[in-house]
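This report refers to the structure that appears directly beneath it.
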Amino acid sequence: MEQLLEIFFSIGIFSLTPGNVGMWVIAFVLFYLAIKKGVEPLLLLPIGFGIFAANFPLTGLTDEGGLFYIFYHYGIETELIPPLIFLGLGAMTDFGPLIANPKTLLLGAAAQVGVYGAFLGALLMGFTINEAATIGIIGGADGPTSIFLSANLAPHMMGAVSVAAYSYMALVPIIIPPIAKALTSAKERAMVMTQMRVVSKTEKIVFPVATSIIIMLLVPKSAPLIAMFMLGNLFMESGVVERLTNTSRNELMNIVTIILGVAVGSTMSAATFLTVKTIGIFGMGVVAFAFATASGVLLAKFMNLFIKNKVNPLIGAAGVSAVPMAARVVHNMGTQANPQNYLMMHAMGPNVAGVIGTAVAAGAFITAIL
Amino acid sequence: MVQICSPMVGKVLSVDVKVGAEVKKNDVVVTLEAMKMQIKVYAPSDGEVAEVNIGIGDVVSTETVLVALK
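Chains P and D are the protein sequences, given in the same order.
Quick note on our numbering: the first sequence kicks off at 11 and runs consecutively.
Quick note on our numbering: the second sequence kicks off at 597 and runs consecutively.
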């Protein structure tokens, strides 16, 4: 009889907590955003399902040896997956616009001011230094980098940070325009930039190698991300390993995205997610984004005081590294101000520089804190 | 003769004018797809379409003359 009762009570439903159900609701919101609204579906769908499945009692999915534990432990805790994603991103990124107009590198760097602004803000709010750094990196709008840094510094916040980073990335078209508009005049936005010069194949091949040397010497801790990013880029630009290029940006990228999404989602239990801190993370995330946008635009205006070939200050807003979304938003704002104004390629310079900048900022945090 | 070049590398989604049509400045002449977004190419001045050099699905670069006006 007792055995029968034991079996009866091992049915999951008796162990379900209100917190579990609360997390389901969050998972359902992510499903809705991904499926109905098309918000970052490739990530929010696996993350959402990870949250959903991890919040069933007695499944053992996230216990040591469980399936999600294995995904998380070997994929993220070892910091394996974010660099593999960077490999794929590298194989998709055209650094041409950045090479043609190297001063846009500064605009990508300026956006990292947002990272440090939010870092200070989070410190003031009472987060620990590790947590504050992890929150700050949201301002770089780079998912894999955020996950990489939180695995290093604050694993307990990874779920909230990655959901915040990916949701804000999707909100780029809503967050950037009002800030960029407030800081520029209609005349500035309408400014047409001179046509970019053509970048040779040799330059494109030298770029990833030269950048690796500079960055990995300066900020060694950013090496996992930067090395893979530049390797992927070299695959693509060399033109001799098409199979590796395609695998990096398609199959491999898709495989690790599935494992990454589920693993990140599975870290979100009610106990770690339904806390006041999560609200702080989302709140500071917006601040980080706003700062990043504003500092990019302001630096572009500042640069214009000195340089001959002036830049349209809007492209400074593309320094937040959501590629290519930020550049698209900038392009649309430019066309609105003046239909003859095609900013897309000009905005890609700061945009890809922003990715490098955020990875470097993450490396700098790790060096400074650990 | 005003030549309208493609502002960036992309694929032609639609050609929005025909030879002989009158266009005004800032009318859409061609729609491109680049970076997963639609990029509309606008006429830089008023004129009559003299040539259309591209078709739907063509891949164009910054050296491609899309449309010429006279």
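Cβ coordinates follow ideal geometry from the N, Cα and C atoms, glycine included.
Start and end residues, alpha helix (DSSP H) containing P:I23:
It is not in any alpha helix (DSSP H) - P:I23 carries neither H nor E in the DSSP assignment.
field: Exposed unless 16 or more other CB atoms sit within 10 angstroms - verdict on P:N264
entry: For P:N264, the number of other beta carbons within 10 angstroms of its own is below 16, and it is reported as exposed.
Compute the distance between the beta-carbons of P:L40 and P:L54, then report whether it is under 8 Å.
Inclusion of P:L40 and P:L54 in the CB contact set at 8 Å is warranted, their separation being smaller than that value.
**Asked** Of all the CB atoms in chain D, is at least one closer than 8 Å to the CB of P:Q205?
**Response** yes
Since P:A110 and P:M206 should fall inside the 8 Å C-beta cutoff, what is the C-beta to C-beta distance between them, to a whole number of angstroms?
4 Å
* Asked: Between the region 246 to 264 of chain P and the region 608 to 620 of chain D, are three or more C-beta pairs nearer than 8 Å?
  -> Judged by Cβ distances under 8 Å, the region 246 to 264 of chain P makes no contact with the region 608 to 620 of chain D, as fewer than three pairs qualify.
Sub-8 Å separation of P:L270 and P:G85 beta-carbons: yes
- request: Find the residues of chain D that neighbour P:M355, judging by a C-beta separation of less than 7 Å, and give them in chain order.
  value: Close partners of P:M355 in chain D (Cβ separation under 7 Å): M604.
Assuming D:M667 is part of the alpha helix (DSSP H), what are its boundary residues?
This structure leaves residue 667 of chain D out entirely; chain D is present only between 597 and 666.
Where P:R338 meets chain D, residues with beta-carbon distance less than 7 Å:
M631 and M633
* When you compare only the Cα positions, how much space is there between P:G290 and P:S20? -> 37 Å
Check whether D:I650 and P:M354 have beta carbons under 8 Å apart:
Cβ atoms of D:I650 and P:M354: not closer than 8 Å.
(request) Counting only the same chain and skipping the five closest in sequence on each side, list residues whose C-beta sits under 7 Å from that of P:A190. (result) Within the same chain, T303, V307, L324, A327 and M343 come within 7 Å of P:A190 by CB-CB distance, once the 5 residues on both sides are set aside.
- Message: So P:G60 and P:A273 are supposed to be a Cβ contact under 8 Å. How far apart are they, rounded?
- Response: 7 Å
* Are P:A398 and P:A200 touching if we call contact CB-CB under 8 Å? -> This structure cannot settle anything about residue 398 of chain P, because the visible part of chain P is limited to 11 through 380.
* **Start-to-end residues for the beta strand (DSSP E) that takes in D:E644** => G643 to V648
Which residue or residues does DSSP assign as beta-bridge partners of D:A664? D:Q599 and D:E647
* Is P:E213 helix, strand or coil by DSSP? -> helix
| query | List, in order along the chain, the chain A residues whose C-beta lies closer than 9 Å to that of D:T658? | reply | The structure shown has no chain A; the protein chains it does contain are P and D.
Taking just the CA atoms, how far does P:A196 sit from P:M167? Those two C-alpha atoms are separated by around 41 Å.
Query raised in the report: Given that a residue counts as buried once 16 or more other Cβ atoms are within 10 Å of its Cβ, and exposed if not, what is P:M335?
Result: buried
If you pair each beta-carbon of the region 171 to 184 of chain P with each one of the region 91 to 104 of chain P, do three or more pairs fall below 8 Å? no
Any Cβ of chain D within less than 8 Å of the Cβ of P:Q350?
For P:Q350, the answer is yes, since a Cβ of chain D falls inside 8 Å of its Cβ.
Beta-bridge partners of D:S610, as assigned by DSSP:
D:T627
Query raised in the report: Which residues bound the alpha helix (DSSP H) around P:N322?
Result: Where P:N322 is concerned, there is no enclosing alpha helix (DSSP H), given that its DSSP letter is neither H nor E.
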